[in-house]
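Participant:
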Amino acid sequence: MSLIDLPLVKLTNPDPSFPALFVLHLSNGTENRFTLQFVEEITKALDFVDSKLDSISDNDDAARGGALITTSTGKFYSNGLAIEAAMKQGDVFYNPYLRMLARLLTFRVPTVAAINGHAFAGGCMFAMAHDYRVMRADRGWIAMNEVDIGIPLIPGMAAIVKCKIPLPNHLRDCLLAGHRFKSSDAISAGFVDRAVAEDELMDTALEYARKMAPKASGLNQKLHLIKAEMYRETAILLLAGNIPPGGYFSKL
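Our numbering puts the sequence shown at residues 71 to 322.
#1: With C-beta atoms as the reference, is ILE126 less than 8 Å away from ALA132?
#2: Can THR113 and HIS294 be called in contact, C-beta distance under 8 Å?
#3: In the stretch 86 to 148, which residue ranges form an unbroken alpha helix (DSSP H) of at least 4 residues, counting only runs that do not cross its ends?
#4: Compute the distance between the beta-carbons of ALA137 and LEU81, then report whether it is under 8 Å.
#5: Between SER142 and ASN129, what straight-line distance do the alpha-carbon atoms span, to the nearest angstrom?
#6: I'd like the span of the alpha helix (DSSP H) that includes HIS294, first residue to last.
#7: Can you give me the start and stop residues for the beta strand (DSSP E) that ILE185 sits inside?
#8: Tell me which residues share the same chain as MET71 and place their Cβ nearer than 7 Å to its Cβ, disregarding the 5 neighbours each side in the sequence.
#9: From ALA334 to PHE163, what does the alpha carbon distance come to, in whole angstroms?
#10: Tell me the rounded alpha-carbon separation between SER253 and LEU73.
#11: When you compare each of ASP208, VAL109, ASP201 and PHE88 to PRO77 by their alpha carbons, which one comes out closest?
#12: Would ARG242 and TRP211 be called neighbours here (beta carbons separated by less than 8 Å)?
#13: Tell me which residues share the same chain as PRO315 and place their Cβ nearer than 8 Å to its Cβ, disregarding the 5 neighbours each side in the sequence.
#14: Which residue's Cα is closest to the Cα of ASP117: SER148, ASN312 and ARG173?
#15: What residue range is occupied by the uninterrupted alpha helix (DSSP H) comprising ARG206?
#16: Helix, strand or coil: which one does DSSP assign to PHE177?
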């Protein structure tokens, strides 16, 4: 059932008997590059989900909890930021993008990224903002390639990767080498949960969503507040906005 149909995103409910289960389909061209309009439409979809959860929280469906899945189709889950536009717009773009990541990172229901293809740079960060990540086993890399394109990471961007990649050697390979992790590598590195065939991707994402949805029973703010403290340092840096990388060196 379609809930929101915007030019770049579509929000659906795949099971009318479970009204707090949502799928956000990304459809910004073939690469899902993050533009200001794309960020604004994702934010509108999150606003809708929040409003819907509020409306359900007073009835019996709230006991089942809820969950949010994001996915796309084709070669890319997301190929990152629309770099030229982002650099030209500066804070006008970066601050809403970073706020969106912070919101998704601490969202009040479990979140699952069903990664249908490549997830590079800003697309990798978007995937990292979810609680669970499922990739296609047969196609797709997930990578932070800023080192190869000559763009330093601002503090919030580095933080969201650091909080999801637990082992220093894998973090080094990700950020300093720009390593392209295939699904098996990403699972070994601890930041992707499952790799499945393309035709099993959504079913597997739904399996995670249904399994974890009861953790948000009541559809209140408990899960949001747990995540807010779990990722406190990362959320603070994301919400600080487009602050210069390495700025603390001036104080040494």
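Built from N, CA and C at the ideal position, the CB exists for glycine as well.
Facilitator: Straight from the coordinates:
#1: The sequence position of residue 126 within the sequence shown is 56, counting from 1. The sequence position of residue 132 within the sequence shown is 62, counting from 1. Yes; because the gap between Cβ atoms is below 8 Å, this pair is in contact.
#2: Taking the first residue of the sequence shown as 1, we reach residue 113 at position 43. Taking the first residue of the sequence shown as 1, we reach residue 294 at position 224. The answer is no: Cβ separation not under 8 Å.
#3: 106 to 126
#4: One-based indexing of the sequence shown puts residue 137 at position 67. One-based indexing of the sequence shown puts residue 81 at position 11. No. Outside cutoff.
#5: Position 72 of the sequence shown, counted from the start, is the residue given in the question as residue 142. Position 59 of the sequence shown, counted from the start, is the residue given in the question as residue 129. Spanning the two alpha carbons is a distance of roughly 32 Å.
#6: Working through the sequence shown from its first residue, we reach residue 294 at position 224. Its alpha helix (DSSP H) spans residues 292 to 300.
#7: Mapped onto the sequence shown, residue 185 falls at position 115. 181 to 185 is the span of the beta strand (DSSP E), which, as asked, contains ILE185.
#8: Against the sequence shown, residue 71 aligns to sequence position 1. THR82, ASN83 and PRO86.
#9: As shown, the chain starts at 71 and ends at 322. That puts residue 334 outside it, with no answer to give.
#10: Within the sequence shown, numbered from 1, the residue matching residue 253 stands at position 183. Within the sequence shown, numbered from 1, the residue matching residue 73 stands at position 3. Straight-line Cα distance between these residues: approximately 31 Å.
#11: If you number the sequence shown from 1, residue 77 lands on position 7. Here the closest residue by C-alpha is VAL109.
#12: Here the question's residue 242 lines up with position 172 in the sequence shown. Here the question's residue 211 lines up with position 141 in the sequence shown. Cβ distance not < 8 Å, so ARG242 and TRP211 don't count as in contact.
#13: Position 245 of the sequence shown holds residue 315. Counting only Cβ-Cβ distances below 8 Å, and skipping sequence neighbours, we find PRO222, LEU223, ILE224, PRO225 and ALA228.
#14: As a first step, residue 117 must be located in the sequence shown, where it is residue number 47. When each option's Cα is compared against that of ASP117, the closest is ARG173.
#15: Within the sequence shown, numbered from 1, the residue matching residue 206 stands at position 136. Segment 202 to 206 is the beta strand (DSSP E) holding ARG206; no alpha helix (DSSP H) there.
#16: As a first step, residue 177 must be located in the sequence shown, where it is residue number 107. If DSSP states are grouped into helix, strand and coil, PHE177 belongs with coil.
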